[in-house]
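One structure is given below, encoded as structure tokens.
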Amino acid sequence: MKVARLYAEGRDTTVQVSVTQTAGERMRGLLGRDDLASGEALLLTRCGSVHTFGMRFSIDVVFLDRRQQIVAIHYAVPKHRIVFSLRATETLEMPAYSARTHGLAVGDQLVFEVLS
């Protein structure tokens, strides 16, 4: 996976994002992890829906369109749920309430600056 820094509306959020590159990485997602640190996130490329079956913690789900603009945010999605957006082409998963903490809002333009 690549690692990137998340910028929202031109400001550095200090969030480090792991960016999936393969179908296997997308399918695994956060499954099997006990948590996700407050300064971490996972970007699922080519993904407009996620499920939290098998998850051990709640997550914020941020859906992005092809221009990486936020089209929907679902806060603190608990386990055993499915969420989707018909307009989304990418999905950003963050620890519960992190989207709000980092000031993300529907309509925000996101930029992922690759670090490695």
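When the letters of the sequence shown are read in order and numbered with our numbering, they come out as residues -18 to 97. From the three backbone atoms N, C-alpha and C, an ideal C-beta is built for every residue, glycine too.
Query raised in the report: Is Thr(-6) helix, strand or coil by DSSP?
Result: Numbered from 1 along the sequence shown, position 13 holds the residue referred to as residue -6. In this structure, Thr(-6) counts as strand in the three-state DSSP scheme.
| request: Just the C-alpha distance for Val42 and Leu73, rounded to the nearest angstrom, thanks. | output: To locate residue 42, count along the sequence shown from 1; it is residue 61. To locate residue 73, count along the sequence shown from 1; it is residue 92. Going from the Cα of Val42 to the Cα of Leu73 covers about 6 Å.
> Alpha carbon to alpha carbon, what distance is there between Ser39 and Tyr56?
Replying inline: Position 75 of the sequence shown, counted from the start, is the residue given in the question as residue 56. Position 58 of the sequence shown, counted from the start, is the residue given in the question as residue 39. Computed Cα separation, rounded: 9 Å.
Element boundaries [alpha helix (DSSP H), containing Ser39]
As a working mapping, residue 39 is identified with position 58 in the sequence shown. If you look at Ser39, you'll find it isn't in any alpha helix (DSSP H); DSSP assigns it neither H nor E.
Are there 16 or more other CB atoms within 10 angstroms of the CB of Glu71, so buried, or fewer, so exposed?
Within the sequence shown, numbered from 1, the residue matching residue 71 stands at position 90. It is buried - the Cβ of Glu71 has at least 16 other Cβ atoms within 10 Å.
Using the three-state DSSP reduction, which class does Ser(-1) fall into: helix, strand or coil? Walking along the sequence shown from the start, residue -1 turns up at place 18. Strand, per DSSP.
**Prompt:** Hey, out of Asp16, Ala22, Arg7, whose CA is closest to Val31's CA?
**Reply:** Along the sequence shown, one-based indexing puts residue 31 at 50. For Val31, the closest of Asp16, Ala22, Arg7 by C-alpha to C-alpha distance is Arg7.
For Val(-16) and Ser97, believed in contact at Cβ under 8 Å, the rounded distance:
Within the sequence shown, the letter at position 116 stands for residue 97. Within the sequence shown, the letter at position 3 stands for residue -16. The beta carbons of Ser97 and Val(-16) sit about 5 Å from each other, so the pair counts as a contact at 8 Å.
Which residue or residues does DSSP assign as beta-bridge partners of Lys(-17)? Numbered from 1 along the sequence shown, position 2 holds the residue referred to as residue -17. Looking at the DSSP assignment, Lys(-17) forms a beta bridge with Val0.
* DSSP puts Ala22 in a beta bridge; with which residues? -> Residue numbering aside, residue 22 sits at position 41 when the sequence shown is read from its first letter. DSSP lists Val(-2) as partners of Ala22.
Which class does Ala(-11) belong to by DSSP, given the choice of helix, strand or coil?
-> Reading the sequence shown from its first residue, position 8 is the one you call residue -11. Ala(-11): strand per DSSP, three-state reduction.
Assuming contact is defined by CB atoms lying nearer than 8 Å, are Lys60 and Phe34 in contact in what I supplied? Numbered from 1 along the sequence shown, position 79 holds the residue referred to as residue 60. Numbered from 1 along the sequence shown, position 53 holds the residue referred to as residue 34. A distance below 8 Å separates the beta carbons of Lys60 and Phe34.
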